[in-house]
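Trainee:
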Amino acid sequence: MRSQARIRSRCDGSPRRPRRDAPKCSPAKRTIRRGAWCRCCARRDSSGRDLMGRDVLVVAEHLEGTLAPSTIELIAKGRDLAAQSGGSPKAVVLGHGVSTVAESIAGYGLEVLHVDDPAFEAYTADGYGQVLQRLIETDAPRLVLLVHSAQGYDLAPALAARANLPLATNCTDLRLEGQALVVTRRLFNEKVQAEFEFASDRPCVATVRPGSAKPAEPSAGGKVVPVAAAIDPSTVRARFLRLERPSVEDIDIAAADVVVSAGRGIQKKENLALVEEFAKRLGGVVGASRPLTDLEWLPKTRQVGQSGKTVRPKLYIACGISGAMQHVAGMKDSGLIIAINTDPSAPIFEVAHVGIVGNVLEILPLILKALPS
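Note that the numbering used here has the sequence shown beginning at 1, numbered continuously upward.
(1) Which residue's Cα is closest to the Cα of Val328: Ser200, Val351, Lys314, Glu195?
(2) Is the Cβ-Cβ distance between Glu197 and Thr184 less than 7 Å?
(3) Does the beta-carbon of Ser345 have 16 or more other beta-carbons within 10 angstroms, so that it is buried, or is it exposed?
(4) Under a three-way DSSP split, which group does Leu282 fall into?
(5) Does the region 275-291 come close enough to the region 221-237 that 3 or more CB-CB pairs lie under 8 Å?
(6) Please tell me whether Ile356 and Ile367 are closer than 7 Å, where the distance is taken between their beta carbons.
(7) Grouping DSSP H, G and I as helix and E and B as strand, with all else coil, what is Leu143?
(8) Checking the sheet assignment: what are the DSSP bridge partners for Leu174?
(9) Quick one, which of Pro218, Val131, Leu295, Pro233 has its alpha-carbon nearest Asp263's?
(10) Go through its chain and collect everything with a Cβ distance to Val101's Cβ below 6 Å, but skip five positions before and after it.
(11) Ile317 and Val360 - do their beta-carbons sit closer together than 7 Å?
(12) Rounded to whole angstroms, what's the CA-CA distance from Val311 to Ile72? Just pull it up for me.
(13) Looking only at DSSP bridge pairs, what is Lys314 linked to?
(14) Would Val205 and Ala161 qualify as a contact pair, given that the criterion is a beta-carbon distance under 7 Å?
(15) May I ask which residues mark the beginning and end of the alpha helix (DSSP H) holding Val360?
(16) Based on the DSSP output, what are the partners of Asn271 in its beta bridges?
(17) Going by DSSP, what residue range makes up the beta strand (DSSP E) through Gly78?
(18) Identify whether His62 lies in helix, strand or coil by the three-state DSSP scheme.
(19) Just the Cα atoms here: how many angstroms apart are Ala271 and Val286?
(20) Check each candidate in Gly265, Pro313, Arg302, Gln326 and name the one with the smallest Cα separation from Gly358.
(21) May I have the straight-line CA-CA distance separating Ile337 from Cys319, to the nearest angstrom?
(22) Excluding the five sequence neighbours on either side, which residues of its own chain have a C-beta within less than 8 Å of the C-beta of Asp257, listed in chain order?
(23) Would you list the one or two residues that DSSP bridges to Val56?
(24) Check whether the region 141-152 touches the region 207-220, taking contact to mean three or more Cβ pairs, one atom from each stretch, closer than 8 Å.
(25) Please list the terminal residues of the continuous beta strand (DSSP E) segment that includes Gly355.
(26) Does the Cβ-Cβ distance between Val112 and Ala140 come in under 7 Å?
(27) Compare the C-alpha of Ser88 against each of Val304, Leu298, Ala76 and name the closest.
(28) Taking the alpha-carbon positions, what's the Ser200 to Gln306 distance?
(29) In this structure, how does DSSP classify Ser322 when only helix, strand and coil are distinguished?
(30) On the DSSP bridge list, what partners appear for Leu167?
(31) Taking just the CA atoms, how far does Thr169 sit from Leu187?
(32) Once you ignore the five residues that flank Phe349 on each side, which residues in its own chain have a CB closer than 6 Å to its CB?
(33) If you drop the 5 nearest sequence neighbours on each side, which residues of the same chain put their C-beta closer than 6 Å to that of Ala82?
(34) So, at 7 Å on beta carbons, what are the nonlocal neighbours of Tyr153 in its own chain, with the 5 sequence-adjacent residues on each side left out?
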């Protein structure tokens, strides 16, 4: 049974002991420096301007002119949160020659801030961070959302540090309760689901785990707004060298239409060849339950579940997988689920659309005979 915990963030405005070197600040004398937030949690600057709006800013991720599927999921989450806050969802696209990416996002009904400059032809945390910090200062969004990917996990902490904002990473859910933001994360090797509450005095930067939301549906009303944002090249410390494509073994199973996953029911590593042939015939990829990746029969990139990948293929076939809650959480939203297991009471059958009770090592050869080679 999954444990749950509710943890209230220290930035909820509760009294705390000030540092000895902390500046003295009273409401009458409180001011906000450009690009920095008052450590006394003020919501307005000296002129009375509200420092934080209600909009949600989605940072789009793309590669070689193609929008990342996880960004489409992030758009759905951004639209939902904007509706809760009473604001509007917006997106920002940084790059060079990626106008098609900006236009495709506008097709989901968002206002897209398009920053087109040769300086952003390749991603760098320094370059992207400078521009995003300026956008936060001018637009004052309620939330800044990024995909919890290699790029997002690199950029989000750097951006939060630059703008002196709270940060939540690898979130599986986000919602607003009144004016406070509540995020859900999994801790202690995915065994505990914890909720963290962030006060409403400042915008929050958050990365969202891919697969945590269903992809957004196209919507009307979007538009692309060009934004000029030059940066000083000398401030960019990283330099792009080359793009190395993953091998077939490291393919992203979350992007596949057909996933055939193997569990302990295949008994021996040598029997993986049978599952691989089955997946090949169906034009799919091989996934795995956690026991198989723990045994190093397959790489961690193939693991389906809470501590692995969340997949939503059109067809998911579970071969010899009992259906632990952690595994089911990573595949339950698949279009068609077929389960093969010797145990008729296995939990996997509770989520399967089609169940086959039997030995997977006997059933797969029979199916392969009926499939074209």
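Backbone N, C-alpha and C define an ideal beta-carbon position, used for all residues, glycine too.
Mentor: Answer, in terms of the structure:
(1) Answer by Cα proximity: Val351.
(2) The Cβ atoms of Glu197 and Thr184 do not sit closer than 7 Å to each other.
(3) Exposed, since its Cβ has fewer than 16 Cβ neighbours within 10 Å.
(4) It is coil, neither helix nor strand.
(5) Cβ pair count under 8 Å is below three, so no.
(6) The Cβ atoms of Ile356 and Ile367 do not sit closer than 7 Å to each other.
(7) Correct three-state label for Leu143: strand.
(8) In the DSSP secondary-structure assignment, Leu174 is bridged to Val183.
(9) For the record, residue 263 in the displayed sequence is Gly; it is not Asp. Ranking the options by Cα distance to Gly263, first place goes to Leu295.
(10) Within its own chain, the residues whose Cβ lies closer than 6 Å to the Cβ of Val101, once the five positions on either side in sequence are excluded, are His62, Leu67, Val93, listed in chain order.
(11) Contact flag unset, no.
(12) Distance between the alpha carbons of Val311 and Ile72 is about 15 Å.
(13) When beta bridges are read from the DSSP output, Lys314 appears opposite no residue.
(14) Result no, Cβ atoms of Val205 and Ala161 do not sit closer than 7 Å.
(15) Boundaries of the alpha helix (DSSP H) around Val360: 360-370.
(16) Looking at the DSSP output, Asn271 bridges to nothing.
(17) Looking at the DSSP string, Gly78 is not in any beta strand (DSSP E); the run it does join, the alpha helix (DSSP H), is 69-85.
(18) Note: His62 maps to strand in three-state DSSP.
(19) The question names Ala, but residue 271 is Asn in the sequence shown. Cα atoms of Asn271 and Val286: separation of roughly 13 Å, rounded to the nearest angstrom.
(20) Selected option, being the one with the closest Cα: Gly265.
(21) When only Cα atoms are considered, Ile337 and Cys319 end up about 11 Å apart.
(22) For Asp257, where only same-chain residues beyond five positions count, the Cβ hits under 8 Å are Gly283, Gly284, Pro313, Lys314, Leu315.
(23) When beta bridges are read from the DSSP output, Val56 appears opposite Pro89, Leu143.
(24) Result yes; three or more Cβ-Cβ pairs closer than 8 Å.
(25) Residues 354-357.
(26) Taking 7 Å as the cut-off, the beta carbon of Val112 is found no closer than this to the beta carbon of Ala140.
(27) Cα-wise, what sits closest to Ser88 is Ala76.
(28) So the alpha carbons of these two residues sit roughly 29 Å apart.
(29) Ser322 carries a coil assignment under DSSP once its states are collapsed to helix, strand and coil.
(30) In the DSSP output, where bridge partners are listed per residue, Leu167 has Val205.
(31) Distance between the alpha carbons of Leu187 and Thr169: 12 Å.
(32) If the five residues before and after Phe349 are omitted, its C-beta is found closer than 6 Å to the C-beta atoms of Ala339, Gly355, all from its own chain and listed in chain order.
(33) Here Ala82 has Val56, Ser88, Pro89 as same chain residues with Cβ atoms under 6 Å from its own Cβ, once five neighbours each way along the sequence are excluded.
(34) Scanning its chain for C-beta atoms nearer than 7 Å, with the 5 sequence neighbours on each side dropped, one finds around Tyr153 the residues Thr169, Thr207, in chain order.
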